[in-house]
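Position 21 of the sequence shown, counted from 1, bears residue number 21 in this note's numbering, the numbering being contiguous throughout.
First up is the structure itself, then whatever we jot down about it.
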Amino acid sequence: MAGLCEGGNEPPGSFKAKSEHEDTDIIAINIAAQIGVELEPRDIDRSHRVGKKGERPRAVIVKFVSYKKRREMFQNKRKLKNSGKRFEKI
Numbered sequence: 001m002a003g004l005c006e007g008g009n010e011p012p013g014s015f016k017a018k019s020e021h022e023d024t025d026i027i028a029i030n031i032a033a034q035i036g037v038e039l040e041p042r043d044i045d046r047s048h049r050v051g052k053k054g055e056r057p058r059a060v061i062v063k064f065v066s067y068k069k070r071r072e073m074f075q076n077k078r079k080l081k082n083s084g085k086r087f088e089k090i
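As structure tokens, this is what we get:
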């Protein structure tokens, strides 16, 4: 997932930095809620930011427990169109 500001556990629809600590699982769950996918912490194996801190926000990598949830996320990603956020297969 890319285009997400760093630093906080934002509510759905808000991705502004708030602190130095963040829970990337919560960020993934909030994005899922925006696109109509019911995602829970138990659906995520692990998640974290990648790359060096800099001017641009770093992407979040999410590994799902099941392929079914991953597929559901990708089937609904078009709902993020024109939001500045995106996610891609790695």
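We put the beta carbon where it would ideally sit given N, CA and C, even for glycine.
Three-state secondary structure (DSSP) of residue i
i: F64; result: strand
i: R70; result: helix
i: I29; result: helix
i: R42; result: helix
i: R49; result: strand
i: R56; result: coil
Nearest-angstrom Cα separation, counted from residue j out to residue i
i: M73; j: I26; result: 15 Å
i: V62; j: I44; result: 7 Å
i: I84; j: Q75; result: Checking the sequence shown, residue 84 turns out to be Gly, not Ile. Whole-angstrom Cα-Cα distance: 18 Å.
Short CB-CB distance (under 8 Å) between residue i and chain D
i: N30; result: Given the protein chain composition of this structure (a single chain), no chain D is represented.
Cβ-Cβ separation, residue j to residue i (assumed contact under 8 Å), whole Å
i: R58; j: V50; result: 6 Å
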